[in-house]
Amino acid sequence: MGEPALLRLAGVHTHIGRYHILHGVDLALREGRLMMLLGRNGAGKTTTLRTVMGLWRASAGEILFGGSVLTALDPPAIARLGIAYVPETMGLFAGLSVRENLLLGTGPGGLAASRIEEVLTLFPVLREKWELPAGALSGGQKQMLAIGRAMVETRRMLVVDEPSKGLAPGVIDQLIAALARLKAAGTTILLVEQNFAMAAALGDDVAVMDDGRIVHVGTMAALAADTSLQVRLLGLHLGSHQ
Amino acid sequence: MRTGDAAPILAVPILLLAALPAMGFADWLTLSASGLAMGMLLFLMASGLTLIFGLMDVLNFAHGAFVGFGAFIAASVWARLPALVAAPGLAANLLALVAAGGAAALVCGGLGLVFERVVIRRVYGAHLRQILITVGAMIVAEQMSVVIWGPDALTLAKPASLASSFIVAGGAVEKFRLVAAGLGLAAFLALRLVLARTRIGLVVRAGVEDREMVEALGYRVRRLFVFVFAVGTALAGVGGAMWAVYAGTVTAALGGELTVLLFTVVVIGGLGSVSGSFLGALLVGLITNYVGFLAPKLALLSNVALMAAVLLWRPRGLLPLVRT
Numbered sequence: 001m002g003e004p005a006l007l008r009l010a011g012v013h014t015h016i017g018r019y020h021i022l023h024g025v026d027l028a029l030r031e032g033r034l035m036m037l038l039g040r041n042g043a044g045k046t047t048t049l050r051t052v053m054g055l056w057r058a059s060a061g062e063i064l065f066g067g068s069v070l071t072a073l074d075p076p077a078i079a080r081l082g083i084a085y086v087p088e089t090m091g092l093f094a095g096l097s098v099r100e101n102l103l104l105g106t107g108p109g110g111l112a113a114s115r116i117e118e119v120l121t122l123f124p125v126l127r128e129k130w131e132l133p134a135g136a137l138s139g140g141q142k143q144m145l146a147i148g149r150a151m152v153e154t155r156r157m158l159v160v161d162e163p164s165k166g167l168a169p170g171v172i173d174q175l176i177a178a179l180a181r182l183k184a185a186g187t188t189i190l191l192v193e194q195n196f197a198m199a200a201a202l203g204d205d206v207a208v209m210d211d212g213r214i215v216h217v218g219t220m221a222a223l224a225a226d227t228s229l230q231v232r233l234l235g236l237h238l239g240s241h242q
Numbered sequence: 243m244r245t246g247d248a249a250p251i252l253a254v255p256i257l258l259l260a261a262l263p264a265m266g267f268a269d270w271l272t273l274s275a276s277g278l279a280m281g282m283l284l285f286l287m288a289s290g291l292t293l294i295f296g297l298m299d300v301l302n303f304a305h306g307a308f309v310g311f312g313a314f315i316a317a318s319v320w321a322r323l324p325a326l327v328a329a330p331g332l333a334a335n336l337l338a339l340v341a342a343g344g345a346a347a348l349v350c351g352g353l354g355l356v357f358e359r360v361v362i363r364r365v366y367g368a369h370l371r372q373i374l375i376t377v378g379a380m381i382v383a384e385q386m387s388v389v390i391w392g393p394d395a396l397t398l399a400k401p402a403s404l405a406s407s408f409i410v411a412g413g414a415v416e417k418f419r420l421v422a423a424g425l426g427l428a429a430f431l432a433l434r435l436v437l438a439r440t441r442i443g444l445v446v447r448a449g450v451e452d453r454e455m456v457e458a459l460g461y462r463v464r465r466l467f468v469f470v471f472a473v474g475t476a477l478a479g480v481g482g483a484m485w486a487v488y489a490g491t492v493t494a495a496l497g498g499e500l501t502v503l504l505f506t507v508v509v510i511g512g513l514g515s516v517s518g519s520f521l522g523a524l525l526v527g528l529i530t531n532y533v534g535f536l537a538p539k540l541a542l543l544s545n546v547a548l549m550a551a552v553l554l555w556r557p558r559g560l561l562p563l564v565r566t
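Residue numbers (our numbering), protein chains in the order written: chain A, 1 to 242; chain B, 243 to 566.
Here it is in structure tokens:
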């Protein structure tokens, strides 16, 4: 754990309206690692991701990414540092085609053939739906498109919120393959996930949240092997929830 | 930008055909051409209003002020180009139209830019404040028109080569109306092309659906707002300029009067939808002309009745936007 963190949250508080959601979140994510952010519903996981992306402003504390202070930047500036965000809702544009949704994930150069081929190799169904509106896709296809959009440009970090939610096991396997490929390519990933099979398959590190705070940080392997820790932190063990 | 559905597109041809048995062919031809030309001009003015609402969620009741300014600026330019206006050649007449429309677009686009920076940016996300401040701005703009151009109506002569009509099967189709219709159609096609084929159009369409996600992808939607607002008000200015020549007279009340009609067009089309506004404008133009001829006493009611009928059929308008 000696390497410097690519992403560091220090004492981050977030208020939404009059609700105090994050109560001093401290988190460090090293470059090239995949960190799972786990926790019960309402623990503050989505709020943490949205605060990192600047979609909700931190009311106190600091978020550092590389040499940049994210808390001083707006969402477009944060995205331009090389951070891709896939929200729980997937963030697709239902009236735009698959091609147009992917195009929005690229820089001024547009869609690079090699990156497109990589996305379509991982998710061949998108090739068949190329000119169809994203709103016409199934839930699994939408998630493939959302992850694909995050892959069409080289990113330093990927922030993903519950990609497996409501998806069939076959689709989840495809998503695991895509995220594993990104991880192998050196992309740092912060992943919120309720599917523990996916978490165990992908995670290098894990942070567990409860009531707006980080209550545990360690390796995913250690958490996967410790049933009593799982029960204490998450109220269940990994094998019971796949 | 919208759901695919052919039924609303058929509304215009159905209305055209439905009106035919109610009058003679010559009257029908004249009224239909006039209605379509009026519709195209209404679209020119309403396109900016619907874009501004669609992307920025701003209810701009001051949009008519830009139409009014456009009309007055065109009248001022028109008065300085009597030789071009009165020349018998089409090229000279079109040059006068380009000068009047161009001046209106530039001034109204510039005013729109200032209005967005000074007024609108303070009321993003607050519809009630938007209504209050833009209605107030409309009143101020109307009074400013009186101060600058005086309380009396300004008159504009029709361009010499476009004042006459083509006679087709006994029906008269005024040449200027064909030019107006052509300009409206060109604006519609250009907007469609920009929205469908360019990166900025893609970002606008995405921004209409989900602004937050567009920002999370790295695009500065606020900058796009300013650009769209300026384009929208420039289009309103061009529309006002063409309307001034079409109607032949400009008064300070023009903007306010047209605001109601423009909102009717935008609501019928589906708030934020450019294609919907195009259809809505054509329907309003046709209904206004048909009812004005068949039952003049009902003319004022006709557009409200049309809006009610469309909303009963499709509560979100003819071609509603997809919002995620």
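The beta-carbon is built from N, C-alpha and C at its ideal position, and this holds for glycine as well.
Keep in mind it's a predicted model, so treat the numbers as computed, not measured.
Leu132 of chain A to Leu102 of chain A, Cα distance in whole Å?
-> 12 Å
Using the rule of at least 16 other Cβ atoms within 10 Å of the residue's Cβ for burial, across every protein chain shown, is Ala547 of chain B buried or exposed?
-> exposed
Cβ of Met157 of chain A within 7 Å of any chain B Cβ | no
Per-residue contacts from Arg57 of chain A into chain B (C-beta, under 8 Å) | Chain-order list of chain B residues neighbouring Arg57 of chain A: empty, with the shortest C-beta distance near 13 Å, by a criterion of under 8 Å.
Sequence ranges, beta strand (DSSP E) only - wholly within the stretch 125 to 199 of chain A, length at least 3 | 157 to 161 and 188 to 192
Specify whether the stretch 290 to 309 of chain B and the stretch 497 to 504 of chain B touch according to this definition: at least 3 beta carbon pairs, one from each stretch, less than 8 Å apart.
-> yes
Any chain E beta carbon closer than 7 Å to Arg80 of chain A | Annotation note: the requested chain E is absent from the structure, which comprises protein chains A and B.
contact_flag[the stretch 336 to 348 of chain B, the stretch 366 to 385 of chain B] where n(CB pairs < 8 Å) is 3 or more | no
Would you list, in chain order, the members of the stretch 92 to 115 of chain A that have their beta-carbon closer than 7 Å to a beta-carbon of chain B?
-> Result list: Leu92, Phe93, Ala94, Gly95, Leu96, Glu100, Leu103, Leu104 and Gly105.
DSSP-derived helix/strand/coil call for Phe65 of chain A | strand
Taking only the alpha-carbon atoms, compute the straight-line gap between Glu88 of chain A and Arg156 of chain A and give it to the nearest angstrom.
-> Distance between the alpha carbons of Glu88 of chain A and Arg156 of chain A: 20 Å.
Under 8 Å between beta-carbons, which chain B residues line up against Met53 of chain A? List them in chain order, please.
-> Listed along chain B are Ala458, each with a C-beta nearer than 8 Å to that of Met53 of chain A.
Please say whether Gly39 of chain A and Val243 of chain A have beta carbons closer to each other than 7 Å?
-> Absent from the model: residue 243 of chain A. The displayed extent of chain A is 1 to 242, so no value can be given.
Shorter than 7 Å from the beta carbon of Pro76 of chain A to some beta carbon of chain B?
-> At least one chain B Cβ lies under 7 Å of Pro76 of chain A.
Taking the alpha carbon of Met36 of chain A as the point to measure from, which residue in A:Ala84, A:Gly110 and A:Pro163 has its own alpha carbon closest?
-> A:Pro163
Looking only at its own chain, which residues have a Cβ that is under 6 Å from the Cβ of Ala60 of chain A, when we skip the five neighbours before and after it?
-> His13
Nearest residue (CA-CA) to Ala448 of chain B, options A:Glu100, A:Lys142 and A:Asp205 | A:Glu100
What does Leu437 of chain B touch in chain A if you count any residue whose Cβ is under 8 Å from its own?
-> Simply none; closest approach about 11 Å.
Runs of alpha helix (DSSP H) wholly within the stretch 393 to 448 of chain B (minimum 4 residues, chain order) = 417 to 439
Whole angstroms is fine: what's the gap from Asp204 of chain A's alpha carbon to Arg50 of chain A's?
-> 22 Å
With a threshold of 16 other CB atoms inside 10 Å of the CB of Pro75 of chain A, please say whether the residue is buried or exposed.
-> buried
For Thr14 of chain A, verify whether its CB is less than 6 Å away from any heavy atom of the ligand ADP.
-> No copy of the ligand ADP appears in this structure; indeed no ligand is present at all.
Would DSSP call Asp204 of chain A helix, strand or coil?
-> coil
Partners in chain B for Tyr19 of chain A, counting only beta-carbon separations shorter than 7 Å = By Cβ distance, chain B contributes nothing, its closest Cβ being about 19 Å from Tyr19 of chain A, past 7 Å.
Just the Cα atoms here: how many angstroms apart are Gly170 of chain A and Phe467 of chain B?
-> 42 Å
Does Met298 of chain B come within less than 7 Å of chain A when only Cβ atoms are used?
-> No, its Cβ sits nowhere closer than 7 Å to a Cβ of chain A.
Leu7 of chain A - DSSP class collapsed to helix/strand/coil = Of the three classes helix, strand and coil, the one that applies to Leu7 of chain A here is strand, per DSSP.
Compare the C-beta of Ala448 of chain B against all C-beta atoms of chain A and say whether one is closer than 7 Å.
-> Interface annotation, Ala448 of chain B: in contact with chain A, CB-CB separation under 7 Å.
Bridge partner(s) assigned by DSSP for Ser515 of chain B | None, per the DSSP bridge assignment.
At which residues does the alpha helix (DSSP H) containing Met280 of chain B begin and terminate?
-> That run of the alpha helix (DSSP H) goes Phe267 to Met298.
Count the C-beta pairs between the stretch 274 to 293 of chain B and the stretch 412 to 427 of chain B that are closer than 8 Å, then say yes if the count reaches three, no if not.
-> yes
Interface partners of Arg462 of chain B on chain A, CB under 7 Å | Pro76
Count the other C-beta atoms from every protein chain shown that fall within 10 angstroms of the C-beta of Ile294 of chain B, then say buried if there are 16 or more, exposed otherwise.
-> Buried: at least 16 other Cβ atoms inside 10 Å.
Leaving out five residues on either side along the sequence, give the residues of the same chain with a beta carbon under 7 Å from the beta carbon of Val533 of chain B.
-> So the qualifying residues of the chain are Leu540, Ala541 and Ser544.
Under 7 Å between C-beta atoms, does Leu336 of chain B make it to chain A?
-> no
What are the start and end residues of each continuous beta strand (DSSP E) run of 3 or more residues lying completely inside the stretch 33 to 116 of chain A, in chain order?
-> Those beta strand (DSSP E) runs which fall completely within the stretch 33 to 116 of chain A and span 3+ residues are 34 to 39, 58 to 65 and 83 to 86.
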